[in-house]
Amino acid sequence: MSDKVFERINTSLVLLITIIILYPLIFVLSASISDPAAITLGKMWLWPVDITFEGYKRVFANRLIWTGYKNTIIYTTLGTLLHLFILLPGAYALSRKELLGKKFVLWFVLFTMLFNGGIIPTFIVVRELNMVNTMWAIIIPGVIGAWAILVAKSFFEQNIPDQLVEAAKIDGASDIYLFFRIVLPLSLPIIAVMALFHAVAVWNQYLNALIYLRDDALYPLQLVLRNILIVSQLAATSTIGISQSFNEQLKAAELVKYAVIIVSALPLLVVYPFLQRFFIQGVLIGSVKE
Amino acid sequence: MAKEVDTIDRSSKKYILKQNIKRNWQIYLFLLPMITYFFIFHYVPMYGVQIAFKNYLPNKGFMGSDFVGLKHFETFFNSYYFWRLLKNTILLNVYGLLLFPLPVVFALMLHEVRHAGLKKWMQTITYAPHFISVVVVVGMLVAFLNPQTGIVNVALKMVGMEPIYFMAEPGWFRHLYVWSGQWESLGWNTIIFLAALAGINPELYEAAEVDGASRLQRILHINIPGILPTVVILFILNIGMFMQIGFEKVLLMQNNLNKETSDVIQTFVYNVGLLEGRFSYATAIGLFESAINIVLLVTVNQIARKIGENSLW
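Each protein sequence line maps, in turn, to chains H and P. For what it's worth, the working numbering labels the leading residue of the first sequence as 44, then goes sequentially. For what it's worth, the working numbering labels the leading residue of the second sequence as 286, then goes sequentially.
Below, the structure written as structure tokens:
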């Protein structure tokens, strides 16, 4: 096979895979502004048919979705700030050679990758701390992991020269001054990467909320979505004997579900391409073997 | 005399540490939030794992609850669900591991795309599903596969086939779980392999060109050996996460009709522990799973060490 033929076949195959991956997203986007009847009849399969914005109107009128959005923004912001507050000083300290017992602290952190108590003992601890059904149960457990610490530590080791730290210390700078005035300004890329990774993780997670929250005023967006997209849908379709009013209800759900997917997933999908290189950087720094 | 030397020695060690902390106390202060967090949210729960051998009562605490030995483990091993859970957990994970080569192959293919602009677009698009939450992914599955209104069943009906209620069929669960996972992560998982490919010494290609090697030969003899170490490491890591990946997604996809295949150890722990409140029993099951994980990780790492130089430790 000549190289040119190979090139053509290969590029076409990659293109095909790309299109297959893209298709569900396009479909959801089109379905969100199409008449549900057109989808059920098989008339809509790529571009919108019988355009209607009823779905979006209903989504925006839904109080739970709005509180969910608000809660998610609060949890993501506070969670990311706390993440950085724990991560940056901790990882910086671990990168300093003055620190005695560095190996011990590192093992203390890394061991949690190998073994953890599991969900029940963790649940008991969170409950004993009286955090159940408060926003702290969403923000604090899981706020940081060993992986993030390894990544930030190796960044500091490679990018903060020892001579710089020593010179500043000879000039009488304290470690705290040094950290805020010299180390952090030199570390903006890693701060951005770690903040982004954690923010995406918090934005997209539902499990902590499912385990720890009772009050729906505290629900983050993902838990509201779970109820709209999965729980009610599965309950609806498994009911036998479809009545007229039930049909109406189904139609309403049909209208909403694609719009709600777009409303929840679009912010990240739109922002991500601009931040793509940061995310890739994060994956690559994280994969460097210690 | 000897005693005296000993005390001096010890005190001098202590002295060094004391001096060090005095001089660098701010560095130690920096560690404080991190250590506190890991202590409370990782080590206290680890300490709490002992309730797997006890009858946990909240008012008695981790330590004070009555010791029952291996009772909960015996209950689990003798339970009707044990073999089903073990089989489901293993099959689901083996299925996932079997598809491990897909992102490697896709990375090799992407690497061969010479049109830089097109390549960038294809990367951006295939990475995108990684940013979609698991709730939305399962929500999309439910919507597409809806027996009345989902596009898949609409298409089946149009070609004259009976609609299938995919989400409720035990026979479909594993395929849906694993392939929707590929949709989410196929592109994203190429990142590391693409970086490894980019790091291959260009002189190798020049030499291959001089020798008249075709593109396919170059892939076989340069690219694949070039990324093999990375592939091995990631494979070990994947096996290390055996039995614990994707619990969040399984829980979302699970319903009473597909439990025959979708009930895995972790969802069982969730159901028994948090919904039924049997804390000790659920902790014992979770501990059983962690033990298997650690054994697997260590074994695979040993094997990898024997075969080549690529191991985690």
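For every residue, glycine included, the Cβ atom is placed at its ideal position computed from N, Cα and C. Quick caveat, the model's predicted, so the values are computed rather than measured.
Query, Result
"Helix, strand or coil for P/Asn474? Go by DSSP, reduced to three states.", "coil"
"Quick one: is P/Phe553 buried, meaning 16 or more other Cβ sit within 10 Å of its Cβ, or exposed?", "buried"
"Helix, strand or coil for P/Asn340? Go by DSSP, reduced to three states.", "strand"
"What span of residues does the alpha helix (DSSP H) with H/Asn173 cover, start to end?", "Unbroken run through H/Asn173: none, as it is neither H nor E."
"Taking contact to mean 3 or more Cβ pairs, one atom from each stretch, closer than 8 Å, check whether the segment 313-321 of chain H and the segment 86-102 of chain H are in contact.", "no"
"Assign H/Phe334 to buried or exposed, taking buried as 16 or more other Cβ atoms, counted over all protein chains shown, within 10 Å of its Cβ.", "The question about residue 334 of chain H has no answer here: the residues shown for chain H are numbered 44 through 333."
"Quick one: list the residues of chain P neighbouring H/Thr61, beta-carbon separation under 7 Å, in chain order.", "Met407, Ile410 and Thr411"
"I want to verify the contact list: residues of chain P whose CB lies under 7 Å from the CB of H/Lys140, in sequence order.", "Ordered by position in chain P, no residue passes the 7 Å Cβ test against H/Lys140, which lies about 10 Å from the chain."
"Closer than 8 Å, Cβ to any Cβ of chain H: which residues of the segment 426-456 of chain P, in chain order?", "Val427, Ala428, Phe429, Asn431, Pro432, Gln433, Thr434, Ile436, Val439, Ala440, Lys442, Met443, Tyr450, Met452 and Ala453"
"I need the DSSP call for P/Phe352, collapsed to helix, strand or coil.", "strand"
"Taking C-alpha atoms, which residue in P/His400, P/Gln433 and P/Arg459 lies nearest to H/Ala81?", "P/Gln433"
"DSSP state of H/Ile183, grouped into three classes?", "coil"
"How many angstroms separate the CA atom of P/Asp548 from the CA atom of P/Val535?", "8 Å"
"Need the endpoints of the alpha helix (DSSP H) that P/Phe367 sits in, please.", "Phe367 to Leu383"
"So, for H/Val186: in the same chain, excluding its five sequence neighbours on each side, which residues have a beta-carbon less than 7 Å away from its beta-carbon?", "Gly122, Leu125, His126 and Ile129"
"Answer yes or no: does any C-beta atom of chain P fall closer than 9 Å to that of H/Phe151?", "yes"
"Residues in the segment 499-522 of chain P with C-beta within 9 Å of chain H's C-beta atoms, listed in sequence order?", "Ser499, Arg500, Leu501, Thr515, Ile518 and Leu519"
"Check the Cβ of P/Tyr555 against every Cβ in chain A and list those closer than 7 Å, keeping chain order.", "Absent from the structure is chain A; the protein chains it does hold are H and P."
"Give me the Cα-Cα distance between H/Pro164 and H/Tyr118, rounded to the nearest whole angstrom.", "23 Å"
"Check the Cβ-Cβ distances between P/Gly424 and every residue of chain H, and say whether any is below 9 Å.", "yes"
"Would H/Trp150 be called buried (16 or more neighbouring beta carbons within 10 Å of its own) or exposed?", "exposed"
"Find the residues of chain P that neighbour H/Arg182, judging by a C-beta separation of less than 7 Å, and give them in chain order.", "Per the sequence presented here, residue 182 of chain H reads as Ile, with Arg not at that position. Here the premise fails: no neighbours, minimum Cβ distance about 12 Å."
"Contact defined as beta carbons within less than 8 Å: I believe H/Leu272 pairs with P/Val580. What is the distance between those atoms, to the nearest angstrom?", "Not confirmed; about 38 Å, so no contact."
"Keeping to the same chain, check which residues put their C-beta closer than 8 Å to that of P/Ala453; ignore five residues upstream and five downstream.", "Asn540, Leu542 and Asn543"
"Out of curiosity, what's the CA-to-CA distance linking P/Ile312 and H/Val148?", "13 Å"
"Say whether chain H places a C-beta atom closer than 9 Å to the C-beta of P/His357.", "no"
"Which residues of chain H have a Cβ atom closer than 7 Å to the Cβ of P/Thr568, listed in chain order?", "Gly161, Ile163 and Pro164"
"Which residue wins for smallest C-alpha separation from P/Ala569, given the options P/Ala493, P/Phe323, P/Ser418 and P/Leu355?", "P/Leu355"
"Starting from P/Arg234, trace the alpha helix (DSSP H) both ways and give me its first and last residue.", "Nothing can be reported for residue 234 of chain P, as the shown portion of chain P is limited to 286 through 598."
"Note down, in chain order, all residues in the segment 298-322 of chain P with a beta-carbon under 9 Å from any beta-carbon belonging to chain H.", "Ile301, Leu302, Asn305, Ile306, Arg308, Asn309, Trp310, Gln311, Ile312, Tyr313, Leu314, Phe315, Leu316, Leu317, Pro318, Met319, Ile320, Thr321 and Tyr322"
"List, in chain order, every chain H residue whose beta-carbon is nearer than 8 Å to that of P/Gly497.", "Near P/Gly497 there are no residues of chain H at all, since even the closest Cβ is about 11 Å away, more than 8 Å."
"Residues of chain P with CB closer than 9 Å to the CB of H/Val186, please, in chain order.", "Tyr322 and Phe326"
"Would you check whether the ligand NAP has a heavy atom nearer than 8 Å to the C-beta of P/Met407?", "No copy of the ligand NAP occurs in the structure displayed, which carries no ligand at all."
"Quick one: what's got a C-beta closer than 8 Å to H/Leu153's C-beta in the same chain, skipping five residues either side?", "Ala189 and Leu193"
"If the criterion is Cβ atoms closer than 9 Å, does the pair P/Asn508 and P/Leu471 meet it?", "no"
"Could you tell me whether the Cβ atoms of P/Val419 and P/Leu537 are closer together than 9 Å?", "yes"
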